[in-house]
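Input: a single structure, listed below in structure tokens.
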Amino acid sequence: MSTFDNTTVCDSNLFNQEDWLEVVYIGSAVLFIMALRGLSKTETAKWGNIYGMLGMTAAVAGAWASQFVCDEGYWLIAVALFPGLIIGILLAGHVTMIQMPQMVGLLNAFGGLASALEALGLFLDPNAEFGPNGSAQIEDSERTAEVVIQTIAMFLSMIIGMLTFFGSIIACLKLNGNLASKARVPPFRTIITLIIMALIVTFCVLANHEGYGTGLGLMYMLFVAALSSIWGVLFVIAIGGADMPVVICILNTGSGFAGVCAGFMLANKLLVITGAFVGCSGAILSVIMCEAMNRSLWSTLVGGFGEGASSGGAKVEGEMREIALEELAETLNRSKEVIIVPGYGMAAAKAQHAVAQVTEILRGRGVRVRFGIHPVAGRLPGHMNVLLAEARVPYDIVLAMDEINDDFEKTDVTIVVGANDIVNPAAAEDPTCPIAGMPVLEVWKGKMTVVMKRGRGAGYSGVDNPLFVRENNRMFFGSAKPKMEELAGRLLELTAEGKKDVVEEVGAPEPAQEPDTTDATTGVEALVARETYYKLGVLKDRYPGEKRVALVPSICGKLYEKGYAIYVETNAGLGAGFSDEAYKAVGCEVLPDSGSLCAKAQMVFVIRPPPVDILHQLRGKYCVSWVGRLTDAGKKEIEIANGEGVNLVDVTAVPRITIAQKLDCLSSQAKIAGHRAVLEAAHEYQKFFAPEITAAGKYPPCRVMVLGAGVAGLAAIGTAVSLGAEVRAWDVRDVSDQVESMGGKWFSVDFKEEGAGSGGYAKESSDAFKAAQKATFHKHARECDIIITTAAIPGRPSPRLIEGYMVDSMKPGSVIVDLGAEGGGNCELTKKGESYLYKNNIRIIGYTDMASRMADQASTMFAANMLNFLTHVHSKGPEEAKDARSFESFFEANINESPESDIIVRSIVCCKDGQVLKMPPPPQPSPAVPKKTDAPGSPGQGGVSQVNAVGGGILASSQFLLLVSAGILVIIAIWAPRTFIDLLMVFVLAGFVGYMLVWNVQPALHTPLMSVSNAISGQVVLGGIFMVSSEEVATQVFAVAAIAIAAINIGGGFMVTHRMLSMFKRDTS
């Protein structure tokens, strides 16, 4: 019996199936939904694969046992199905994880080819002209419409199937290295493509005119197949290797929609459902990949990106600094936090097992190791996750870009393995470069980065990478696999020592120089006499109430190791709890008075500038202290010191730049002040901080308002939150993310004004903003129990934030701590240096010595900053003399302004040899990254615009698409047959379900998702099953071929998914 004749198909017409088969289809569709749902999480992914296999088994078995198979069709199905399954399973069982992109591409090709073969087989059946309902009692007009729909779907199945097949083959050859991965855009490509499309339409019309089963029509169909194949080749050959993640996803979409067309062609609802699932999966992954590259889908399809060197972007100048194997191993061995960022270089070098070995060694020594994965790292979505899973790296330490980007700044060492564009700062900072706006892993924010790559060249985009020349970066050249193996071997030779010496920065090439500030009173085990080259002095501070000391014993011991002689005035550290004996134990010489110390030392350290009689003893010497050169008091101190012939160094003038962060004593002391402010408030506040429910009643939490969310403000927020208070905070800059990360709640003033000023500080606000600001503060002041203000602008009086009337409206027993008291106070009623009770109701604290009230901790942190200052200077010396031998020459050489001089040294030296030096302008900070919004075209990283992945303009707007959809639905309502409307309903609903399911899949499972999608696309096997009972031999041949090829997809897709998912394991340590 013919598949399509003027009576029936094996005594049944295709559209009117038996009820039990409809139930089987429903069950299969539910199982496929459960399969995609299961793949959304790693924990349930294995069951998702099982559900998919069960759904496929039910569908194939149901179709095989249905009324559409008869006579020799039963054994022909077996002849085609089982060999195909075996071939697919064998292929999937032998493919390596490195070859996974090629395997997925091949399965895409088979899915498209199966649909194309079914389209050709259908055309060869002359009785197909009667449509899927055969001789069923329907009107002629409806039958005609059904045949038109069937014919259009057949042509589309042929075109999409062949384009997908040959496009996938070219992609596989590129991925496998048989074809160069370089984008090859043929001349006049657009014109050629338009000619091909016109010819395809022409031959489709001619084939339709000749009719089903005709020889001349077959020739036209073969022309359509050939032209579609050429189109597929031209489409993929023009796209470079690094765009393969997008290409593979698009071809996966083609495989799915070819199946959809086969479903419309054969009036099969399950084919439409599964095709829609697969098509949506590929389409969504395509959009995700394009968004990860900040490129539109159209620009990717056009091709040619990255061909040759890029002409855009700022020129990168600087020197790449290498790191030796031994130094890298020792640095990692001392670290606490390490992030590894793998790229395609890891896959190409097959280095995943070596990377896993290094990870295992470090984790065994207590180092927290995690991985950061970019969506387009590798040649397939989720490829890096699969490779790491193969190497038995726990999947829960492998994080997506969005999950880990905020953690880089807290990381000791970040290792970049074979990646370039995905870690390029130019994407965030240079709006003129070709990859501007592309989301990248922000590795440069870490304390130290190590880039492992084979050469010095640019990435696929052709954009130079400024990361390679940054101060905190080191290069580790070589192929990833042998280099990681060498690193693992060196780590095994080391003991797990030095855990307390965490790398703070890489401004100095010797990370071990960083201070251990855990116990400032401990000495060294055995003091070894060393030759010294430069003399430092530690004066006792004479400022009233000052308890801190500039250098503590633990830091002095490290300086002595580096060749510095240290003289300490007797009892200099007593106020902070450091005895003279502690200094002597680490090699210091304790002197009885300031006169003898000043006579011996070349550079003297003291917290506050010393009085005139001490300055007189320091003529011609350097005095390093807390001056505040931008303030009126600081300018006066400079004038006095200069008059006495003292070379004054201001530690507060360190510029706000990345390499100077470790020298920034303003930040370290502000952190202490913020912490102490909360403790002072808690001491005066007469109630609980945390909410309490007791037998004696219920008590609400203390409400704390912090004004100013800089270093001090954030420290205050953290301390108050840890005590259980309910904290709200504000700053003139939008730092809501930082406030919320500390556990506070951000509130804003309903007035738009940019608050960031130069040098990393806030700028002074306008009068209009201040009015709106005070109204907001008044409202919150009435509600809060404690107010902590931290606002200050260098060189200017502290901004007035809290007025007297606001204080009057506060609840009795409230407390105000004003950290801006030194500059006149943020509160109108603050008394500098005093704590008093205002109107017997409100305690107002205006202490200016908050840091000194925690003298031990403050001294230790200040001394660590001073060590970093000395190290920053002497590390510029030659390799054999990166110690005190190089300090004097390099410090003196960098004081005067010149293009080569060091900006940090020039900024902190206030006067020298009787001349007051001009402070250089502060370096301009990088533009703040705008807040992310969901609006199309919103600013992206670094102020560059984000590209809409599906294109911009009116044609991509939802309004235009809605209008077009409405027009199509009107046409369908007027003309389309009932069968088409039913199938369209199924397609639309399946598309929405697929969309919802695929968006929820974790990035780590994108590769298994694609392989499962390929297996599900094998559902096109149903078309071959329904055609194999035809009396037309040619139709049977193509049906058998389609079954075999679809079976390869089924067996290979599910098998390779099983292999991948079996590798994913949790961290059980």
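Position one of the sequence shown corresponds to residue 21 (my numbering), numbered consecutively onward.
Quick reminder that beta carbons are idealized off the backbone N, C-alpha and C, glycines included.
Note that the structure is a prediction, hence the values are computed from the model and not measured.
Leaving out five residues before and five after residue i in sequence, what residues of the same chain have Cβ atoms less than 6 Å from its Cβ?
i, result
"residue 389", "358, 379, 382, 383"
"residue 568", "596, 627, 872, 875, 878, 879"
"residue 804", "723, 725"
"residue 282", "135, 138, 177, 291, 1040, 1043"
"residue 13", "Lying before the first or after the last residue shown, residue 13 is absent from the chain, which here runs from 21 to 1089."
"residue 196", "122"
"residue 882", "685"
"residue 111", "1072"
"residue 1038", "1066, 1069, 1070"
"residue 494", "341, 343, 470"
"residue 435", "360, 470"
Starting from residue i and walking both ways along the alpha helix (DSSP H), at which residues does that stretch end?
i, result
"residue 224", "209–230"
"residue 76", "65–84"
"residue 422", "421–424"
Would residue i and residue j be called neighbours here (beta carbons separated by less than 9 Å)?
i, j, result
"residue 1010", "residue 81", "no"
"residue 1032", "residue 55", "yes"
"residue 609", "residue 586", "yes"
"residue 885", "residue 683", "yes"
"residue 637", "residue 607", "no"
"residue 166", "residue 1000", "yes"
"residue 674", "residue 924", "yes"
"residue 731", "residue 694", "yes"
"residue 367", "residue 510", "no"
"residue 499", "residue 397", "no"
"residue 904", "residue 640", "no"
What is the rounded straight-line gap between the Cα of residue i and the Cα of residue j?
i, j, result
"residue 184", "residue 363", "27 Å"
"residue 704", "residue 806", "10 Å"
"residue 278", "residue 174", "9 Å"
"residue 827", "residue 860", "12 Å"
"residue 813", "residue 821", "13 Å"
"residue 763", "residue 757", "10 Å"
"residue 163", "residue 997", "8 Å"
"residue 917", "residue 386", "46 Å"
"residue 717", "residue 809", "32 Å"
"residue 222", "residue 991", "24 Å"
"residue 648", "residue 1023", "50 Å"
"residue 233", "residue 144", "4 Å"
"residue 888", "residue 578", "11 Å"
"residue 927", "residue 941", "9 Å"
"residue 531", "residue 269", "Unreliable placement is indicated for residue 531, whose pLDDT of 38 sits below 50; the coordinate value is still reported in the next sentence. Between residue 531 and residue 269, the C-alpha separation is close to 44 Å."
"residue 867", "residue 838", "8 Å"
"residue 1061", "residue 227", "23 Å"
Apart from the five residues just before and just after residue i, which ones in its own chain have a Cβ nearer than 8 Å to its Cβ?
i, result
"residue 115", "122, 123, 1076"
"residue 653", "none"
"residue 339", "489"
"residue 431", "357, 358, 359, 466, 467"
"residue 591", "560, 600"
What are the boundary residues of the beta strand (DSSP E) that includes residue i?
i, result
"residue 867", "Element bounds for residue 867: n/a, residue is neither H nor E."
"residue 749", "746–750"
"residue 916", "Per DSSP, residue 916 belongs to no beta strand (DSSP E) and is neither H nor E."
"residue 719", "717–719"
"residue 611", "609–611"
"residue 433", "433–437"
"residue 556", "554–558"
"residue 473", "469–473"
"residue 623", "623–625"
"residue 643", "642–645"
Excluding the five sequence neighbours on either side, which residues of its own chain have a C-beta within less than 7 Å of the C-beta of residue i, listed in chain order?
i, result
"residue 1064", "100, 103, 104"
"residue 193", "199"
Between residue i and residue j, which are expected to be in contact by the criterion C-beta below 8 Å, what is the C-beta distance as a whole number of angstroms?
i, j, result
"residue 451", "residue 487", "That belief does not hold up - the Cβ atoms of residue 451 and residue 487 are roughly 17 Å apart, past 8 Å."
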